[in-house]
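S.K.:
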């Protein structure tokens with residue numbers, strides 16, 4: 001790039017200006033220009049900034065400033081969006097990566113921000129009331145009894161990518177790079193940077209890659225006149241989200257039969273009803289458990 005004023009941030013802002021309104025653009029520019037100057041003072045590149053480094057910048061902005069939680073959250077989103085684009089990563093996961101490095105003792109804003117993002121993943125159960133143990137039992141059941149089937153592989157991909165069901169079910173065979181152990185997965189339209197970041201790159205574990213190979217060889221239903229070839233299929237074509245939800249729920253219920261639950265958790269009927277509901281693992285519960293486990297080992 002011959003322009004001496006060009007930086008990764010100026011390029012990002014130029015692209016962002018094409019897809020957002022003037023007010024949103026100005027707020028992003030204010031934060032990113034400040035971040036760029038802060039990085040220059042530390043002799044580091046904004047593009048190569050680590051999550052901990054971004055957290056230090058945020059702490060410097062929050063310190064001795066009476067920012068509201070919403071303003072602090074807006075700053076975090078601005079920086080996580082930028083880093084998601086340059087890293088080809090999930091914007092929400094970038095947000096979580098950054099906030100986990102914020103020193104909660106640095107300011108009330110930093111503490112409140114970390115609680116807002118991370119509290120749901122430190123809870124004993126998901127927002128729907130499912131425990132991480134229930135998800136682990138489902139995964140163990142699928143690996144032992146249904147290895148390589150579509151439901152098993154979808155679950156493993158969700159765990160590895162920490163993704164959502166729509167981008168996962170929309171994967172095509174060509175999105176896989178089995179040699180590198182990666183997958184290109186679409187970024188949902190709900191994110192501000194969706195126009196700048198069509199796909200993100202996620203790593204797949206060897207266990208998941210092996211399960212995919214088994215699925216492709218023995219379990220995947222062939223489709224006709226499909227271009228590109230969907231990874232997850234039925235006889236009619238690409239599998240629907242409702243089909244995957246029902247399959248996961250069916251298998252989760254089979255892990256612990258109702259009578260076993262009643263014996264293990266004796267008590268009033270409403271208690272047993274709640275326990276039965278917790279056996280009904282959803283696709284969003286799998287994502288929640290994956291992020292929870294990831295944070296516990298960070």
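Numbering (the UniProt record's numbering), first residue to last: 1 to 298. Yeah, the Cβ is synthetic: ideal placement off N, Cα and C, and Gly gets one too.
Please specify which runs of the alpha helix (DSSP H), each continuous and at least 4 residues long, are wholly inside the stretch 77–113, giving them in chain order.
M.R.: Those alpha helix (DSSP H) runs which fall completely within the stretch 77–113 and span 4+ residues are 91–99.
S.K.: Kindly indicate the opening and closing residues of the alpha helix (DSSP H) around residue 185.
M.R.: Taking the chain shown and counting its residues from 1, the one referred to as residue 185 is at position 185. No alpha helix (DSSP H) holds residue 185; the beta strand (DSSP E) holding it covers 182–186.
S.K.: Taking residue 200 as part of the beta strand (DSSP E), name the residues at either end of that continuous run.
M.R.: What you label residue 200 is simply residue 200 of the chain shown in a count that begins at 1. First-last of the beta strand (DSSP E) with residue 200: 199–203.
S.K.: Who are the near neighbours of residue 194 in its chain, counting only those whose CB is closer than 8 angstroms to its CB and skipping five residues on each side?
M.R.: Taking the chain shown and counting its residues from 1, one reaches residue 194 at position 194. So the list reads 187 and 188, once near-sequence residues are dropped.
S.K.: Should residue 162 and residue 238 be called a contact, given that it needs their Cβ atoms to be closer than 9 angstroms?
M.R.: The residue given as residue 162 occupies position 162 in the chain shown. The residue given as residue 238 occupies position 238 in the chain shown. Going by C-beta atoms, residue 162 is not nearer than 9 angstroms to residue 238.
S.K.: Distance, Cα to Cα, residue 183 vs residue 245?
M.R.: Start at 1 with the first residue of the chain shown, and residue 183 comes out as number 183. Start at 1 with the first residue of the chain shown, and residue 245 comes out as number 245. The straight-line gap from Cα to Cα measures roughly 22 angstroms.
S.K.: Tell me, to the nearest whole angstrom, how far the beta carbon of residue 213 is from that of residue 235; I am working on the premise that it is less than 8 angstroms.
M.R.: Position 213 of the chain shown, counted from the first residue, corresponds to residue 213. Position 235 of the chain shown, counted from the first residue, corresponds to residue 235. With 8 angstroms as the limit, residue 213 and residue 235 do not qualify as a contact, their Cβ atoms being about 22 angstroms apart.
S.K.: DSSP three-state label for residue 237, please.
M.R.: Here residue 237 refers to the residue found at position 237 when the chain shown is read from its first residue. Note: residue 237 maps to strand in three-state DSSP.
S.K.: Apart from the five residues on each side of it in sequence, which residues of its chain come closer than 7 angstroms, Cβ to Cβ, to residue 57?
M.R.: Position 57 of the chain shown holds residue 57. Only 35 and 38 meet the Cβ criterion.
S.K.: Can you name the start and end residues of the alpha helix (DSSP H) that residue 152 belongs to?
M.R.: Counting from one through the chain shown, the residue named residue 152 turns up at place 152. Note, residue 152: alpha helix (DSSP H), 150–161.
S.K.: Check this for me: beta carbons of residue 113 and residue 76, under 9 angstroms apart or not?
M.R.: Start at 1 with the first residue of the chain shown, and residue 113 comes out as number 113. Start at 1 with the first residue of the chain shown, and residue 76 comes out as number 76. Yes, they are a contact pair.
S.K.: If I follow the unbroken alpha helix (DSSP H) through residue 38, where does it start and stop?
M.R.: Along the chain shown, read from residue 1 onward, the residue named residue 38 stands at position 38. First-last of the alpha helix (DSSP H) with residue 38: 22–41.
S.K.: Using a Cβ-Cβ cutoff of less than 7 angstroms, which residues in the same chain neighbour residue 208 once the five nearest sequence positions on both sides are dropped?
M.R.: Here residue 208 corresponds to residue number 208 of the chain shown, with the count starting at 1. So the qualifying residues of the chain are 156, 157 and 160.
S.K.: So what does residue 172 bridge to, in DSSP terms?
M.R.: Taking the first residue of the chain shown as 1, we reach residue 172 at position 172. Bridge partners of residue 172: 230.
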